[in-house]
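When we follow this note's numbering, the leftmost residue of the sequence shown carries the number -3, and every step to the right adds one. I have placed the structure first, in the form of structure tokens, so that the comments after it can refer back to it.
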Amino acid sequence: MTPRPSGYTGTAKTLHWLIVALLIAQYIVAWVMPHIGRNTVPETYINLHFSIGVLIIFVAIVRLGWRVTHREPAPLDGVPPWQILTARVVHWLLYVLLFVVPVIGWMNASWRGFPVIMFGIEMPKLLATRAPGWQWTGNVHELLAWYVMLAVIGLHVAAALYHYAVKRDGVLQRMLPGA
Ligand code: HEM
Ligand code: HEM
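Right, dumping it as structure tokens:
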């Protein structure tokens, strides 16, 4: 474990904003892709959804690997302990969701018998087609992605904006390039 840095390093910032960009793209694709039902044949948008989703898992693995070997910077002076604790819980919840949401989506794609091809490379199947007892993966993936993940991200972004506009304490600036 490295010592506590005074701010977020370039690597932490790059990984943070790369995930943000991939998630924005992923939600747009999820919004425009056709609804997936029993007779759906995966087409361009659905395949793009799988590719970006699996890419998110890979970047999240790199990011988490980097994070467990590098401590986050010390909290800024004057931030109350409950906010430091809440931020820590929300950050770890985001890390957990960054794996759980796409992995359950991948399980559902396998369950539906869809090949998951990440930009031309075929990925292993996580479940056998129509494996009994795994139908829930579709609903749970949708529910977690639309409601839980967006709610936690909303809380995180609201907190960042609150620090920027109300507290004006430099918490948001710590994650921006050049800070
Ligand atoms: C963090 C990454 C991901 C996010 C945010 C996400 C988001 C979503 C959202 C919002 C929907 C619902 C779309 C609708 O309302 O019609 C959806 C559906 C779906 N996604 Fe993902 N997804 C992610 C990763 C993945 C991955 C990696 C796969 C597969 C390799 C995948 C496979 C699916 C499938 C099969 C459905 C249809 C589920 C059903 O309707 O039963 N997703 N995704
Ligand atoms: C516009 C959107 C976003 C803004 C303005 C933002 C801002 C920030 C800021 C200012 C920090 C530093 C907090 C601190 O010093 O305590 C941070 C950390 C963090 N953010 Fe975001 N964020 C955004 C979106 C996201 C998204 C979509 C995710 C992932 C789903 C995410 C995951 C994280 C995580 C895990 C950390 C902790 C970093 C670490 O452990 O090294 N953020 N974010």
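Glycine is no exception: its CB is placed at the ideal position from the N, C-alpha and C atoms.
- Those residues whose C-beta sits under 6 Å from the nearest heavy atom of ligand 2 are, from N- to C-terminal order along the chain, A8, H12, I15, V16, L19, R63, E68, A83, H87, L90, Y91, L94, I149, H152, V153, A156, V167, L168, R170, M171.
- Scanning P30, I52, N35, I100 for the CA closest to the CA of I42 turns up P30.
- Contact between I48 and V64 does not hold, since the beta-carbon distance rounds to 24 Å and is not under 8 Å.
- The C-beta distance from A56 to L89 rounds to 13 Å, too long to fall under 8 Å, and the pair is not in contact.
- A residue is called buried when at least 16 other Cβ atoms come within 10 angstroms of its Cβ; G101 meets this threshold and is buried.
- For E118, DSSP records a beta bridge to I113.
- In the DSSP assignment, Q79 falls within the alpha helix (DSSP H) that extends over 77 to 107.
- In terms of CA proximity to H45, A105 leads the group T125, A105, Y91.
- Short of 6 Å from the beta carbon of L11, and not among the five residues preceding or following it, lie these beta carbons of its own chain, in chain order: R59.
- A residue is called buried when at least 16 other Cβ atoms come within 10 angstroms of its Cβ; I52 meets this threshold and is buried.
- Cβ-Cβ distances below 7 Å link K9 to M171, P173 in the same chain, with the five nearest sequence neighbours on each side left out; the list follows chain order.
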